[in-house]
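Comments concern the structure below.
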Amino acid sequence: MFMGKYNNSIDAKNRMIVPSKHRDQLGGRCILTKGMDNCLYIYPLGEWEKVVEKVSALPQTDVNVRKYIRDVFANAEECEIDKQGRILIPAELKKRVFIDKELVTMGAMSRIEIWSKEVWEDPDSYPCEEENDFISQLTKYGF
Numbered sequence: 006m007f008m009g010k011y012n013n014s015i016d017a018k019n020r021m022i023v024p025s026k027h028r029d030q031l032g033g034r035c036i037l038t039k040g041m042d043n044c045l046y047i048y049p050l051g052e053w054e055k056v057v058e059k060v061s062a063l064p065q066t067d068v069n070v071r072k073y074i075r076d077v078f079a080n081a082e083e084c085e086i087d088k089q090g091r092i093l094i095p096a097e098l099k100k101r102v103f104i105d106k107e108l109v110t111m112g113a114m115s116r117i118e119i120w121s122k123e124v125w126e127d128p129d130s131y132p133c134e135e136e137n138d139f140i141s142q143l144t145k146y147g148f
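The working numbering applies: residue 6 is where the sequence shown begins, and numbers increase by one.
Written out as structure tokens, the structure reads:
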């Protein structure tokens with residue numbers, strides 16, 4: 006289980022250090038994707054497989070399910086944690102969740118969340134109404 010909150014930053018090459026407490030649980034490889042509420046998610050490979058299984062069971066005739074699949078899977082990257090404990094955050098993902106330099110990295114049970122420090126401290130100043138409507142539509146399927 007991932008727990009705790011850490012302040013860290015992203016370097017000039019778009020790499021961030023995964024907190025050492027979490028690295029062991031990730032086993033050297035992980036999945037990075039766009040999360041909900043203007044943050045990124047890091048999943049251990051086993052947890053990612055559970056997400057894939059759950060999404061596979063959703064009715065793809067529903068337009069909201071298709072949007073969810075596109076949003077999450079098109080933005081997913083398999084990452085390898087380097088010897089310094091870093092992963093690369095693609096520039097497009099950085100931009101989508103307003104990451105500049107300072108980060109808040111937190112454990113969120115089965116995953117890690119990565120937040121721009123500015124968004125974390127003032128979430129109401131960053132747009133996500135459309136995303137909230139989208140998320141509320143998915144709740145009928147257990148998300």
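In this text, a Cβ means the ideal position worked out from N, Cα and C, and glycines have one as well.
- Counting the other CB atoms within 10 Å of its CB gives Val-68 a total below 16, which places it among the exposed residues.
- With a 10 Å radius around the Cβ and a threshold of 16 neighbouring Cβ atoms, Ser-14 comes out exposed.
- When secondary structure is reduced to three states using DSSP, Asn-80 falls in the coil class, being assigned neither helix nor strand.
- Between Pro-64 and Glu-82, the C-beta gap is not smaller than 8 Å, which leaves the two residues out of contact.
- Looking at the backbone, the Cα of Asp-29 and that of Ala-62 are separated by about 30 Å.
- The stretch 82-91 and the stretch 109-118 do not touch, with fewer than three beta-carbon pairs separated by less than 8 Å.
- Secondary structure at Ser-121: strand, using DSSP grouped into helix, strand and coil.
- Taking C-beta atoms as the reference points, Ile-74 and Val-56 fail to come closer than 8 Å.
- As a beta-bridge residue in DSSP terms, Ser-14 pairs with Glu-107.
- In terms of Cβ geometry, Asn-43 and Val-124 form a close pair [threshold 8 Å].
- C-alpha of Thr-66 to C-alpha of Thr-144: approximately 16 Å in a straight line.
- The Cβ-Cβ distance between Val-109 and Lys-122 falls below 8 Å.
- Nearest to Asp-105 by C-alpha distance, out of Gly-112, Glu-97, Met-111, is Glu-97.
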